[in-house]
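Below is one structure; the comments refer to it alone.
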Amino acid sequence: MRSPNKTLRSGFTLIEMLIVASFMAMIMVGVQRLIIEFSEEAEVAGFRARLEMVRESVDRYYVDKVIAGEDPMSLAAFPSDVQDLVDDGYIIDCPLADFDAGLCIDLIGSMPGLQITPKDILGSPVAEIQFELLGASRKREKYHQMALMLPGFVQIDPLGVVTVDQHRPGSMPFLQGKVSTDGSTPMTSDWEFGPHTLSIGSEIDMQGTGIIRDPKYILGVEDVTLEGVNDRTLLTGLARFGQVFIRNSAGVTVNKHDCQSADFEAKIAVWTVGTGFEQDLIDPTNVQVWAFSGNSPNNTTNNHLYWTIQSQTNVQQSGSTSREYTNDAVVMYSTWCDPV
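Just so you know, we're using the UniProt record's numbering here: the sequence shown kicks off at 1 and counts up by one.
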């Protein structure tokens, strides 16, 4: 006779095996679903990375065009289509054979329906970027969520075409009033040149106006006229001061102020600080100091590159009752440019 306990134990073992098998099947389904989820997330992230590469290429294309002289407000500053980015080297052309060999990424081929179209929005140039959302409905929802987070996102139409407006780079609106560093585009107005404030270290508000938060040095400007000082600019320079020591009748020479313009000429003023720095002099009188252009006081032109400064003082030396002239002196000078 079969033992009932043995039969009962066999039944429990079979049930346990079924439970374990069901549990393992659930785990496998969950793992498979997780793998699919990760795969889709990676696919969407990769697509976004490729789209960002396209947007960065559009930015670089625009900046290079403006620096080359294109009007920052012109639609021509943006690429007319994706092929412009390829032709000018902003996007690498990846032939199918190289793509299959893993030598490059087919940036355009991997983004179905990618198009770039320049357009005008309220007087400002914009590059409209469009691409298509593909795949199953659940995957498309992930693409949809990705698109909603894109800067400049506009819409997704019923066919799954995403439209994104690529505006001018955030640091570039002030280039509408850009002054070329080579002097080929002179600034003809003040720092409000153009509709945008031209300022270094500033932010740009929604209307494109510069907001000075942390003003920095102004670099790369050919010349600046100081308001209220009509005969002085940074090119002609303000007054430059210096000090020289004169030890003999030849005097000393100092470079003239470089006025860099035929409308200005160099000027100099000199005055004595002290006499007798190498001798013990008593009762200095008739202290004289003067300057002239070039190497002779008889010069009648001002076209020399330097000034000569000379000094003479009537003194009595210590221990002597006679008086004599000495050239020893410490002289200060100032040079500047005056209108001719």
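Note that CB positions come from ideal geometry on N, CA and C, so glycine has one too.
Spatial distance of residue i from residue j (CA atoms)
| i | j | result |
| --- | --- | --- |
| Val58 | Lys256 | 50 Å |
| Glu192 | Val44 | Only weak support is given to the placement of Glu192: the predicted model assigns it a pLDDT of 39, under 50, and the value that follows is read from those uncertain coordinates. Answer to the nearest angstrom: the Cα atoms are 45 Å apart. |
| residue 342 | Leu238 | There is no way to answer for residue 342, as the model of the chain reaches only from 1 to 340. |
| Pro158 | Asp88 | 34 Å |
| Ile105 | Phe99 | 6 Å |
| Asp263 | Val331 | 29 Å |
| Thr308 | Arg168 | 56 Å |
| Ala25 | Pro125 | 57 Å |
| Ala76 | Val162 | 23 Å |
| Ser74 | Phe131 | 24 Å |
| Ser80 | Cys259 | 47 Å |
| Pro95 | Gly123 | 39 Å |
| Gly160 | Gly109 | 17 Å |
| Glu265 | Ala49 | 60 Å |
| Asn299 | Asn286 | 25 Å |
| Pro151 | Phe47 | 15 Å |
| Pro297 | Gln288 | 14 Å |
| Thr13 | Ile19 | 10 Å |
| Met17 | Ala97 | 52 Å |
Beta-carbon contacts of residue i that lie in its chain and below 6 Å, excluding the five residues immediately before and after
| i | result |
| --- | --- |
| Glu324 | none |
| Ala329 | Ile246, Thr272, Thr275 and Ser311 |
| Ala127 | Val58, Phe78, Ile116, Pro118 and Gln166 |
| Ile269 | Position check: residue 269 holds Ala in this sequence, whereas Ile was assumed. Closer than 6 Å at Cβ, skipping near neighbours: Ser334. |
| Met28 | none |
| Lys65 | Ala77 |
| Asn248 | Asn327 |
C-beta atoms of residue i and residue j nearer than 8 Å
| i | j | result |
| --- | --- | --- |
| Val82 | Ile121 | no |
| Gly242 | Tyr333 | yes |
| Leu51 | Met111 | yes |
| Thr313 | Thr321 | no |
| Val252 | Pro284 | no |
Min CB distance residue i to chain B below 8 Å
| i | result |
| --- | --- |
| Asp157 | This model lacks chain B altogether; it includes just one protein chain. |
Buried or exposed by the 16-neighbour rule on C-beta atoms within 10 Å, applied to residue i
| i | result |
| --- | --- |
| Phe245 | exposed |
| Ser311 | buried |
| Ala68 | exposed |
| Ala250 | exposed |
| Leu107 | buried |
| Lys119 | exposed |
| Val54 | buried |
| Ile15 | exposed |
| Val72 | The question names Val, but residue 72 in the sequence shown is Pro. When all chains shown are included, Pro72 counts as buried. |
| Ala291 | buried |
| Val340 | exposed |
| Ala101 | exposed |
| Ala147 | buried |
Cβ neighbours of residue i in the same chain (closer than 8 Å, five flanking residues each side left out)
| i | result |
| --- | --- |
| Lys267 | His257, Thr335, Trp336, Cys337 and Asp338 |
| Arg240 | His257, Ser334, Thr335 and Trp336 |
| Glu41 | Lys142 |
Closer than 7 Å: residue i CB and nearest the ligand FMN heavy atom
| i | result |
| --- | --- |
| Val331 | In the structure on display, the ligand FMN does not appear, and there are no ligands present to speak of. |
Residues of its chain near residue i, where Cβ-Cβ distance is below 7 Å and the 5 sequence neighbours each way are ignored
| i | result |
| --- | --- |
| Ser318 | Asp280 and Ile282 |
| His144 | Leu133 and Ile156 |
| Glu70 | Ala76 and Ala77 |
| Val86 | Asp93 |
Residue from the options whose Cα sits closest to the Cα of residue i
| i | options | result |
| --- | --- | --- |
| Phe153 | Asp165, Asn299 and Arg240 | Asp165 |
| Ser261 | Trp290, Asn303, Ala291 and Ser80 | Asn303 |
| Asp84 | Tyr61, Leu75 and Ser74 | Tyr61 |
| Asp254 | Ile27, Gly294 and Asn248 | Reading off the sequence shown, one finds Val at residue 254, where the question assumed Asp. Of Ile27, Gly294 and Asn248, the residue nearest in Cα terms is Gly294. |
| Ile91 | Glu56, Gly123 and Ile19 | Glu56 |
| Gly113 | Gly102, Glu265, Ile129 and Val287 | Ile129 |
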